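**Q** Before we start, here is the structure in question, set down as structure tokens.
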Amino acid sequence: MLSFPARLLLLSRDESWSHALADDLDRLGLRTLCAAQSEAACVALGDLAIEAVLVDEGLADENDLVERLRAAAAPRRIAVIMMRRDDRHLVPDGWDMVFTRDAHPQQILLSVEHLVRGCVCEEEYATRCASF
């Protein structure tokens, strides 16, 4: 695995939105990486120590996207968050959280930190179960 400080991957075809959000999150200390295609995101997840993925709703409808992202990061557990364009907060099956695209970067930062901690706990629990 390469050493690269990015911890959050932004997956969106809307590069102006993803780069603006990435700049805001980088200023808050959360290192980001942007991808415009799910295939590029899967490659990044396989090569880098990405801990969470924010997916623009426009790409969320791709077949088995969440499963493909998680498989690319395996055996690590990653948080996968949908960024909606409306204000519905219904979390679809398989997703960890939903934000609107208007969410404040500080709110995203705090939630990603909590989700990542939860993922680490799940990994530790699975390891302990497998070793006992």
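Counting from 1, position 77 in the sequence shown corresponds to residue 670 in the numbering used here; the numbering is continuous, with no gaps.
From the three backbone atoms N, C-alpha and C, an ideal C-beta is built for every residue, glycine too.
Just so you know, these numbers come straight off a predicted model, no measurement behind them.
Per the contact definition of three or more C-beta pairs closer than 8 Å, is the stretch 607-624 in contact with the stretch 694-702?
**A** Cβ pair count under 8 Å is three or more, so yes.
**Q** Which whole-angstrom value is the C-beta distance of Arg606 and Asp649, which I expect to be below 8 Å?
**A** Confirmed, about 7 Å.
**Q** In three-state terms, what does DSSP make of Leu595?
**A** Confidence is the limiting factor: at Leu595 the pLDDT is only 41, short of 50, which leaves the residue's position unreliable and the question unanswerable from this model.
**Q** For Glu608 and Asp616, what's the separation of their Cα atoms in angstroms?
**A** Computed Cα separation, rounded: 12 Å.
**Q** Should Val646 and Leu604 be called a contact, given that it needs their Cβ atoms to be closer than 9 Å?
**A** Against a cut-off of 9 Å, the Cβ pair of Leu604 and Val646 comes out as a contact.
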